[in-house]
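Here's the structure we're looking at; comments come further down.
In full-length UniProt numbering, the protein residues as written are 1 to 166.
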(Lines of atoms letter the chains of each structure in order from A; the text may use other names.)
(Lines give C-alpha, C1' and ligand atoms only; values in the text may rest on other atoms or scores of the structure.)
Protein backbone atom coordinates (compact mmCIF):
# COMPACT_ATOMS: atom_id res chain seq x y z
CA UNK A 1 0.00 0.00 0.00
CA UNK A 2 1.49 3.35 -1.09
CA UNK A 3 0.58 6.47 0.95
CA UNK A 4 0.47 10.08 -0.23
CA UNK A 5 -0.80 12.92 1.99
CA UNK A 6 -3.30 10.79 3.90
CA UNK A 7 -4.30 8.84 0.80
CA UNK A 8 -3.35 5.26 0.02
CA UNK A 9 -3.19 3.31 -3.19
CA UNK A 10 -5.14 0.11 -2.79
CA UNK A 11 -5.79 -2.69 -5.26
CA UNK A 12 -9.36 -3.79 -5.79
CA UNK A 13 -10.42 -6.93 -7.65
CA UNK A 14 -13.37 -5.61 -9.64
CA UNK A 15 -15.14 -7.81 -12.20
CA UNK A 16 -12.10 -10.08 -12.40
CA UNK A 17 -9.58 -7.29 -12.97
CA UNK A 18 -7.12 -5.81 -10.50
CA UNK A 19 -7.48 -2.03 -10.31
CA UNK A 20 -5.28 0.37 -8.35
CA UNK A 21 -7.13 3.31 -6.85
CA UNK A 22 -6.08 6.14 -4.57
CA UNK A 23 -8.35 6.49 -1.57
CA UNK A 24 -8.73 8.34 1.69
CA UNK A 25 -9.37 6.05 4.66
CA UNK A 26 -12.99 7.28 4.71
CA UNK A 27 -13.76 6.72 1.00
CA UNK A 28 -16.91 4.66 0.46
CA UNK A 29 -16.72 1.73 -1.99
CA UNK A 30 -19.76 2.97 -3.95
CA UNK A 31 -18.08 6.26 -4.87
CA UNK A 32 -14.70 4.70 -5.64
CA UNK A 33 -16.40 2.27 -8.02
CA UNK A 34 -18.42 5.02 -9.69
CA UNK A 35 -16.02 7.97 -9.73
CA UNK A 36 -12.61 6.37 -10.03
CA UNK A 37 -13.43 3.22 -11.97
CA UNK A 38 -16.31 4.60 -14.06
CA UNK A 39 -18.61 1.67 -13.20
CA UNK A 40 -21.88 3.50 -12.72
CA UNK A 41 -24.29 0.55 -12.46
CA UNK A 42 -24.35 0.69 -8.66
CA UNK A 43 -26.29 3.81 -7.80
CA UNK A 44 -26.46 6.08 -4.77
CA UNK A 45 -29.95 6.04 -3.32
CA UNK A 46 -30.70 6.31 0.35
CA UNK A 47 -27.00 6.05 1.28
CA UNK A 48 -27.88 4.31 4.54
CA UNK A 49 -28.27 0.71 3.33
CA UNK A 50 -32.05 0.58 3.04
CA UNK A 51 -32.81 0.80 -0.69
CA UNK A 52 -30.24 -1.56 -2.26
CA UNK A 53 -29.54 0.49 -5.41
CA UNK A 54 -25.82 0.33 -4.55
CA UNK A 55 -25.68 -3.46 -4.20
CA UNK A 56 -22.59 -5.24 -5.50
CA UNK A 57 -21.34 -8.76 -4.86
CA UNK A 58 -18.40 -9.42 -2.58
CA UNK A 59 -17.10 -12.94 -2.98
CA UNK A 60 -20.50 -13.80 -4.48
CA UNK A 61 -22.61 -12.31 -1.66
CA UNK A 62 -24.66 -9.10 -1.97
CA UNK A 63 -23.35 -6.12 -0.01
CA UNK A 64 -24.46 -2.50 0.14
CA UNK A 65 -21.49 -0.58 -1.25
CA UNK A 66 -22.74 2.65 0.37
CA UNK A 67 -22.04 1.10 3.78
CA UNK A 68 -18.57 -0.20 3.02
CA UNK A 69 -15.24 1.53 3.02
CA UNK A 70 -13.24 0.94 -0.15
CA UNK A 71 -10.31 -0.33 1.93
CA UNK A 72 -12.55 -3.07 3.37
CA UNK A 73 -12.91 -4.56 -0.13
CA UNK A 74 -9.17 -5.22 -0.50
CA UNK A 75 -8.56 -8.95 -0.89
CA UNK A 76 -12.14 -9.68 -1.93
CA UNK A 77 -13.66 -10.25 -5.35
CA UNK A 78 -16.13 -7.48 -6.13
CA UNK A 79 -18.65 -7.90 -8.94
CA UNK A 80 -20.73 -5.01 -10.23
CA UNK A 81 -23.64 -5.25 -12.66
CA UNK A 82 -21.15 -4.50 -15.44
CA UNK A 83 -19.40 -7.76 -14.56
CA UNK A 84 -22.44 -10.02 -14.84
CA UNK A 85 -21.67 -10.72 -18.50
CA UNK A 86 -25.18 -11.53 -19.69
CA UNK A 87 -26.11 -13.68 -16.71
CA UNK A 88 -29.45 -15.51 -17.02
CA UNK A 89 -31.05 -13.08 -14.56
CA UNK A 90 -30.43 -10.18 -16.95
CA UNK A 91 -32.31 -11.93 -19.76
CA UNK A 92 -35.11 -12.89 -17.35
CA UNK A 93 -35.50 -9.27 -16.21
CA UNK A 94 -35.88 -8.15 -19.82
CA UNK A 95 -38.30 -10.93 -20.75
CA UNK A 96 -40.44 -10.36 -17.63
CA UNK A 97 -40.29 -6.56 -17.65
CA UNK A 98 -38.54 -6.58 -14.26
CA UNK A 99 -37.75 -2.90 -14.50
CA UNK A 100 -39.42 0.39 -15.24
CA UNK A 101 -37.39 3.51 -14.48
CA UNK A 102 -34.30 1.30 -14.09
CA UNK A 103 -32.78 3.05 -11.08
CA UNK A 104 -33.06 0.05 -8.76
CA UNK A 105 -32.51 -2.57 -11.46
CA UNK A 106 -28.78 -3.12 -11.04
CA UNK A 107 -29.19 -3.67 -7.30
CA UNK A 108 -31.99 -6.16 -7.86
CA UNK A 109 -29.98 -7.93 -10.55
CA UNK A 110 -27.09 -8.38 -8.14
CA UNK A 111 -29.30 -9.74 -5.34
CA UNK A 112 -31.19 -12.06 -7.69
CA UNK A 113 -28.00 -13.29 -9.35
CA UNK A 114 -26.50 -14.12 -5.94
CA UNK A 115 -29.74 -15.78 -4.83
CA UNK A 116 -29.82 -18.01 -7.91
CA UNK A 117 -26.20 -19.06 -7.28
CA UNK A 118 -26.35 -19.49 -3.51
CA UNK A 119 -29.87 -20.96 -3.27
CA UNK A 120 -30.63 -22.50 -6.69
CA UNK A 121 -33.52 -24.40 -5.11
CA UNK A 122 -34.94 -21.40 -3.21
CA UNK A 123 -38.60 -21.52 -2.33
CA UNK A 124 -41.01 -18.57 -2.14
CA UNK A 125 -40.03 -17.82 1.45
CA UNK A 126 -36.29 -17.59 0.72
CA UNK A 127 -36.92 -15.56 -2.42
CA UNK A 128 -39.09 -13.05 -0.54
CA UNK A 129 -36.53 -12.83 2.25
CA UNK A 130 -33.78 -11.95 -0.22
CA UNK A 131 -35.91 -9.47 -2.15
CA UNK A 132 -36.58 -7.51 1.05
CA UNK A 133 -33.05 -6.11 0.85
CA UNK A 134 -33.97 -3.84 -2.07
CA UNK A 135 -36.68 -1.29 -2.78
CA UNK A 136 -38.43 -0.56 -6.07
CA UNK A 137 -40.96 2.23 -6.33
CA UNK A 138 -42.11 1.47 -9.90
CA UNK A 139 -42.72 -2.21 -10.64
CA UNK A 140 -44.76 -3.53 -7.75
CA UNK A 141 -42.23 -6.41 -7.53
CA UNK A 142 -44.35 -8.97 -9.41
CA UNK A 143 -42.21 -8.72 -12.55
CA UNK A 144 -39.05 -9.03 -10.47
CA UNK A 145 -40.46 -12.10 -8.72
CA UNK A 146 -41.35 -13.63 -12.10
CA UNK A 147 -37.80 -13.05 -13.37
CA UNK A 148 -36.16 -14.72 -10.40
CA UNK A 149 -38.66 -17.60 -10.50
CA UNK A 150 -37.77 -18.17 -14.14
CA UNK A 151 -34.05 -18.35 -13.37
CA UNK A 152 -34.59 -20.59 -10.35
CA UNK A 153 -36.74 -22.88 -12.49
CA UNK A 154 -33.96 -23.03 -15.11
CA UNK A 155 -31.42 -23.78 -12.38
CA UNK A 156 -33.62 -26.51 -10.94
CA UNK A 157 -34.11 -28.09 -14.37
CA UNK A 158 -30.37 -28.01 -15.04
CA UNK A 159 -29.71 -29.53 -11.61
CA UNK A 160 -32.20 -32.36 -12.22
CA UNK A 161 -30.55 -33.13 -15.55
CA UNK A 162 -27.21 -33.56 -13.76
CA UNK A 163 -28.54 -36.04 -11.21
CA UNK A 164 -27.41 -39.62 -11.87
CA UNK A 165 -29.96 -41.93 -13.41
CA UNK A 166 -30.93 -44.98 -11.36
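We put the CB at the ideal spot given by N, CA and C, even for glycine.
Mind checking residue i: buried by the 16 CB within 10 Å criterion, or exposed?
| i | result |
| --- | --- |
| residue 63 | buried |
| residue 45 | buried |
| residue 159 | At residue 159 the pLDDT is 45, less than 50, meaning the model places this residue with poor confidence and gives no usable figure here. |
| residue 170 | Residue 170 is absent from the structure shown; the chain starts at 1 and stops at 166. |
| residue 118 | exposed |
| residue 130 | buried |
| residue 165 | Low confidence applies here, because residue 165 scores a pLDDT of 44, under 50, leaving its location unreliable; read the following figure in that light. Residue 165 comes out exposed. |
| residue 140 | exposed |
| residue 107 | buried |
According to DSSP, what are the bridge partners of residue i?
| i | result |
| --- | --- |
| residue 116 | Paired residues: none, contrary to the question. |
| residue 20 | 11 |
| residue 62 | 57 |
| residue 132 | DSSP output for residue 132 lists no bridge partner at all. |
| residue 167 | Examination of residue 167 is not possible in this model, given that the chain is present from 1 through 166 alone. |
| residue 69 | 28 |
Compare the C-alpha of residue i against each of the options and name the closest.
| i | options | result |
| --- | --- | --- |
| residue 65 | 153, 150, 133 | 133 |
| residue 145 | 138, 61, 128 | 128 |
| residue 167 | 72, 111, 76 | No statement about residue 167 is possible, as the shown extent of the chain runs from 1 to 166 and does not include it. |
| residue 95 | 107, 148, 71 | 148 |
| residue 154 | 68, 67, 113, 12 | 113 |
| residue 121 | 139, 142, 150, 140 | 150 |
| residue 109 | 124, 123, 85 | 85 |
| residue 152 | 141, 138, 126 | 126 |
| residue 11 | 41, 5, 75, 68 | 75 |
I think residue i touches residue j, with their Cβ atoms under 8 Å apart; what is that distance to the nearest whole Å?
| i | j | result |
| --- | --- | --- |
| residue 104 | residue 54 | Their Cβ separation, rounded to whole angstroms, is 10 Å, which puts residue 104 and residue 54 out of contact at 8 Å. |
| residue 9 | residue 33 | Contact flag wrong, Cβ pair sits at about 16 Å. |
| residue 23 | residue 71 | 6 Å |
### Message
Measuring CB atoms only, is the region 49–56 touching the region 91–100, in the sense that at least three cross pairs come out at less than 8 Å?
### Response
no
### Message
Contact between the region 21–37 and the region 70–80 is defined here as three or more beta-carbon pairs at a separation below 8 Å; is this criterion met?
### Response
yes
### Query
Touching or not, the region 17–35 and the region 84–91, by the rule of three or more beta carbon pairs under 8 Å?
no
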